[in-house]
Amino acid sequence: MAEFFDTLCAKHIDMIAAQPVFFVATAAADARINLSPKGYDAFRVLTPDRVAYLDLGGSGNETNAHCLADGRITIMFCNFENPAMILRIYGRAVPVLPKDAEWDALAKHFTMMPGTRQIFDIAVDSGQTSCGWASCGWASCGWGVPVMSMEHERPTLKKAHAQSNPLEWAAKMSTRIASIDGLPARATDRYIAGDI
């Protein structure tokens, strides 16, 4: 049976650190549900009740728009190796852009990457493990998820951002001011070079 918790424990944090991919889901009233996979070394547990992730520019800015409109966010980690484990974090997210006062304090937790546009600061409301984690133990669910191993990260997104002209990149990102459904989003105000 699934177990709910208010804060992350050491086993949750260890499981998160071992995952090369995580999934982000957001929604707002009368809007499509957004679900995105995320990779790279982009997720941090700041405290047992606060997490954050570094967001690179993509084709849209749905997560930003949904978080401004509603704030709700779900992060899912799934262990594709053994043992089978699934961990969900439910929270409220605030997009923090480089121009925001909170940026420097959050950014120090990450290695900047080319194309970084924002950091999502997430207050953990609750979490859920698949059945079998009892009292921060190991999981016994996720049994329907295939066993896979990571071959390597795709460098494509970071390379594409790194090869962009910073002024052209900033101009392109400045157009990301609405969701697919027309909800307002905040566009990033600067190009961040970062490391490849």
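First residue of the sequence shown: -6, per our numbering; consecutive thereafter. Each residue gets a CB set at the ideal place from its N, CA and C atoms; glycine is no exception.
- From Ala21, His102, Ala186 and Ala22, pick the residue whose C-alpha is nearest to that of asparagine 158; which is it? Position 165 of the sequence shown, counted from the start, is the residue given in the question as residue 158. The residue with the shortest Cα to Cα distance from asparagine 158 is Ala186.
- Identity of the residue in Lys151, Thr40 and Leu47 nearest proline 88 by Cα: By 1-based counting over the sequence shown, the position of residue 88 is 95. For the residues Lys151, Thr40 and Leu47, the minimum Cα distance to proline 88 belongs to Leu47.
- Query: Buried or exposed: methionine 166, going by 16 or more other Cβ atoms within 10 Å of its Cβ?
  - Reply: Translated into positions along the sequence shown, residue 166 becomes position 173. Classification of methionine 166: buried, given that the 10 Å Cβ count is 16 or more.
- Considering isoleucine 6, what are the terminal residues of the alpha helix (DSSP H) in which it resides? The sequence position of residue 6 within the sequence shown is 13, counting from 1. Run containing isoleucine 6: 3 to 10, per the alpha helix (DSSP H) assignment.
- Span of the beta strand (DSSP E) holding alanine 116? The residue labelled residue 116 in the question sits at position 123 within the sequence shown. For alanine 116, the enclosing beta strand (DSSP E) has its first and last residue at 109 to 122.
- Query: Along the chain, where does the beta strand (DSSP E) that runs through aspartate 23 open and close?
  - Reply: Numbered from 1 along the sequence shown, position 30 holds the residue referred to as residue 23. Looking at the DSSP string, aspartate 23 is not in any beta strand (DSSP E), and its letter there is neither H nor E.
- Message: Would you say aspartate 23 lies against chain D (beta-carbon separation less than 9 Å)?
- Response: Protein chain content of the structure displayed is limited to a single chain, and chain D is not contained in it.
- Neighbourhood of threonine 104 by C-beta distance below 8 Å, restricted to the same chain and skipping five residues each side: For the purposes of this step, residue 104 is taken as the residue at position 111 of the sequence shown. Only Asp34, Gly187 and Asp188 meet the Cβ criterion.
- Pull up the distance between the alpha-carbon of cysteine 134 and that of glutamine 12, whole angstroms please. By one-based count along the sequence shown, residue 134 stands at place 141. By one-based count along the sequence shown, residue 12 stands at place 19. Cα to Cα, the separation comes out at about 16 Å.
- Query: Under the rule that 16 or more other beta-carbon atoms within 10 Å means buried, what is proline 30, buried or exposed?
  - Reply: Residue numbering aside, residue 30 sits at position 37 when the sequence shown is read from its first letter. Burial call: exposed.
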